[in-house]
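See below for the structure under consideration.
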Amino acid sequence: MTRLHMFSIPFDLTTLTAPDGSITAKLSSRHIFYPITKYPQEDGPNVYHTALNDHDGSLQQTIHGGLYGWDRRNWTIVEKTSTSVTYTHLDPADEGFPGNVTVFARHSVANHSLLHSDVWAYATERTPIMVTQHIYWNLDAYQNDSTDVLNHYLRIDGDKVIEIDGDSIPTGDFINVEHDPMFDFRDGRLIGENWNATKDLCGTGCYGFDHSWVYTGANTSAFLGKNELKTSLWSNLSGIRLDISTDQPNVHVFSAYWLGLLMQPRKVVHGGPLLNYT
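This is the structure we're talking about:
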């Protein structure tokens, strides 16, 4: 069994200010102070233009930090022990966002099956930031003729989902899972259940999910600051189970539909390279 702990990860686009004007990614869910718009703005004070690298080739929005996100940057190891490693990266604001950002990520292991992740950041100016860990989980590792995760079971202790539009942008409304069973994973069920009915849920032409579930009781005094198991993923084929605990109020699930269109060859250990990831 693997448990993934996520700490110090802002839930929403958040501007974090300290009395001296610096910014630190402590726990917070305050709304961003900068207005963000999809409409072009003229150059001027406090106007920042970010690179458009999405959606569906039409370049309507910015995702993953810009053209060269942190997943494509070199990180420096600043500390390591027999059970942990800590990396850092300096973002020099070369993607159009205000302020330089120094981010740290620490991964540690314990008890043979516990993965613990901490992510935190500091910025020189007010800036929108949301740091997270972006892992693709396939608990079957493409073994025993398994080609995708549709036979995985998913349980999410969340009673509502953040509604998105056709470009996967939040509308500001919520979907109550009791009123829309496609999003109800509270009791655990197959990801691939009624798969064809998920068309357009994660954007126009997309099958599956690219949504944030808000945990039941989030933002209450009984919930905040506590690290609890709220999400589970398991496969009966491999017998592997993943339990995810966090002190944050939501979890984002991406079933990676668009990646299947890239025709990316699998690694040899996954049966490639003649077969592609789906």
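In this text, residue positions in the sequence shown follow the working numbering: the first is -11, and each later residue adds one.
Just so it is clear, CB atoms sit at the ideal spot from N, CA and C, and this is done for glycine as well.
Since the structure is predicted, the reported quantities are computational estimates derived from the model, not experimental observations.
In terms of residue numbering, what span does the beta strand (DSSP E) encompassing residue i cover?
{"i": "residue 151", "result": "146 to 152"}
{"i": "residue 164", "result": "158 to 164"}
{"i": "residue 67", "result": "64 to 68"}
{"i": "residue 299", "result": "Since the first and last residues shown for the chain are -11 and 266, residue 299 lies out of range."}
{"i": "residue 78", "result": "72 to 79"}
{"i": "residue 61", "result": "Premise fails: residue 61 is in no beta strand (DSSP E) and is neither H nor E."}
{"i": "residue 91", "result": "89 to 98"}
{"i": "residue 244", "result": "Premise fails: residue 244 is in no beta strand (DSSP E) and is neither H nor E."}
{"i": "residue 129", "result": "It is not in any beta strand (DSSP E) - residue 129 carries neither H nor E in the DSSP assignment."}
{"i": "residue 255", "result": "Per DSSP, residue 255 belongs to no beta strand (DSSP E) and is neither H nor E."}
{"i": "residue 265", "result": "Note, residue 265: premise wrong, no beta strand (DSSP E); not H, not E."}
{"i": "residue 203", "result": "198 to 203"}
{"i": "residue 195", "result": "No beta strand (DSSP E) holds residue 195; DSSP gives it neither H nor E."}
{"i": "residue 220", "result": "216 to 222"}
{"i": "residue 36", "result": "Taken as a continuous stretch (DSSP letters only), residue 36 belongs to no beta strand (DSSP E), as it is neither H nor E."}
{"i": "residue 109", "result": "102 to 111"}
Residues in its own chain within less than 7 Å of residue i by CB, not counting five upstream and five downstream?
{"i": "residue 156", "result": "43, 190, 191 and 198"}
{"i": "residue 153", "result": "159"}
{"i": "residue -11", "result": "In this predicted model, residue -11 has a pLDDT of only 38, less than 50, meaning its place in the structure is not dependable enough to derive any value."}
{"i": "residue 187", "result": "195"}
{"i": "residue 36", "result": "84, 85 and 86"}
{"i": "residue 260", "result": "253 and 254"}
Comparing C-alpha positions only, which one of the options sits nearest to residue i?
{"i": "residue 134", "options": "233, 223 and 251", "result": "223"}
{"i": "residue 53", "options": "158, 88, 72 and 162", "result": "88"}
{"i": "residue 276", "options": "113, 131, 250 and 122", "result": "It is not possible to answer for residue 276, since the shown part of the chain is limited to -11 through 266."}
{"i": "residue 61", "options": "257, 164, 91 and 168", "result": "91"}
{"i": "residue 118", "options": "240, 31, 249 and 261", "result": "240"}
{"i": "residue 98", "options": "107, 200 and 73", "result": "73"}
{"i": "residue 82", "options": "261, 55 and 169", "result": "55"}
{"i": "residue 78", "options": "93, 182, 258 and 102", "result": "93"}
{"i": "residue 246", "options": "193, 259 and 256", "result": "193"}
{"i": "residue 177", "options": "250, 220, 164 and 256", "result": "220"}
{"i": "residue 167", "options": "147, 184 and 186", "result": "147"}
{"i": "residue 71", "options": "57, 103 and 252", "result": "103"}
{"i": "residue 143", "options": "131, 132, 164 and 174", "result": "174"}
{"i": "residue 141", "options": "225, 249 and 37", "result": "225"}
{"i": "residue 131", "options": "172, 265 and 258", "result": "258"}
{"i": "residue 41", "options": "57, 112 and 31", "result": "57"}
{"i": "residue 337", "options": "95, 59 and 31", "result": "No information on residue 337 is available, as it lies outside the stretch -11 to 266 that the chain covers here."}
{"i": "residue 80", "options": "59, 112, 108 and 68", "result": "112"}
{"i": "residue 235", "options": "205, 250, 68 and 63", "result": "205"}
For residue i, which residues in the same chain have their Cβ closer than 6 Å to its Cβ, ignoring the five residues on either side in sequence?
{"i": "residue 263", "result": "254"}
{"i": "residue 14", "result": "Residue placement at residue 14 is poorly supported in this model, since its pLDDT is 28, which falls under 50; the coordinates still yield a value, given next. If we look at residue 14 and ignore the five residues flanking it on each side, it has no Cβ neighbours."}
{"i": "residue 243", "result": "196 and 197"}
{"i": "residue 248", "result": "266"}
{"i": "residue 272", "result": "The chain is shown only over -11 to 266; residue 272 falls outside these bounds and no answer can be derived."}
{"i": "residue 172", "result": "165"}
For my contact list, residue i and residue j are in at a C-beta cut-off of 8 Å; report their separation, rounded to the angstrom.
{"i": "residue 203", "j": "residue 145", "result": "6 Å"}
{"i": "residue 149", "j": "residue 179", "result": "That pair is no contact at about 15 Å."}
{"i": "residue 86", "j": "residue 115", "result": "5 Å"}
{"i": "residue 216", "j": "residue 233", "result": "6 Å"}
Identify, in the order they occur along the chain, each residue of the same chain with its Cβ nearer than 8 Å to the Cβ of residue i, setting aside the five sequence neighbours on each side.
{"i": "residue 9", "result": "Here residue 9 scores only 31 on pLDDT, less than 50, and its place in the model is too uncertain to base an answer on."}
{"i": "residue 182", "result": "170"}
{"i": "residue 39", "result": "50, 54, 55, 83 and 84"}
{"i": "residue 64", "result": "75, 76 and 77"}
> Counting pairs of beta carbons, one from the region 223 to 243 and one from the region 123 to 134, are three or more of them closer than 8 Å?
Replying inline: yes
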